[in-house]
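Numbering (UniProt numbering), first residue to last: 1 to 132.
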């Protein structure tokens, strides 16, 4: 009898997230996120898992409806309900808004998944510095 070798477990891709340093002054953008796809059900759990603990439990996420195709009204992430909202606001077409009751609101620039690394790096750096 032969034993087939088991393939290695799939590795989780690194989260492409850069956050602006925490300071006393509010900023219009709190960092940049470069998801690997526009599949929010796959991407959001990775994003939420990579956020600082100080941000608390994110209970509401707003994405731009033009960029993210199918968005259910809510989803379960790490045994917590997260409400999902879509907006078509022209003022923030490339952002995702994260809300945590009693902790705050964070707006992240979303770099399109199909952006090249050469183009994404300066966008991520600008978002992390608050100069978007």
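Ideal placement from N, C-alpha and C gives every residue a C-beta, glycine not left out.
**OP:** Assign residue 46 to one of three DSSP states: helix, strand, or coil.
**Re:** Correct three-state label for residue 46: helix.
**OP:** Can you have a look at residue 70 and say buried or exposed, based on whether 16 or more other CB atoms are within 10 angstroms of its CB?
**Re:** That one is exposed.
**OP:** Would you tell me roughly how many angstroms separate the C-alpha atoms of residue 129 and residue 113, rounded to the nearest one?
**Re:** 21 angstroms
Original post:
Going by other Cβ atoms of all chains shown within 10 Å of its Cβ, with 16 needed for buried, is residue 108 buried or exposed?
Top reply: buried
Original post:
With 16 as the cutoff for other CB atoms within 10 Å, does residue 50 come out buried or exposed?
Top reply: exposed
**OP:** Measure the beta-carbon distance from residue 61 to residue 98 and round it to whole angstroms, keeping in mind my assumption that it falls under 8 angstroms.
**Re:** 6 angstroms
Original post:
If we ignore side chains and look at the alpha-carbon of each, how far apart do residue 127 and residue 32 end up?
Top reply: 5 angstroms
Original post:
Leaving out five residues before and five after residue 27 in sequence, what residues of the same chain have Cβ atoms less than 8 angstroms from its Cβ?
Top reply: 20 and 130
**OP:** Out of 59, 100, 94 and 106, point me to the one whose CA is closest to residue 81's CA.
**Re:** Looking only at 59, 100, 94 and 106, the smallest Cα-Cα distance to residue 81 is reached by 59.
**OP:** Going by DSSP, name the residue or residues bridged to residue 85.
**Re:** 62
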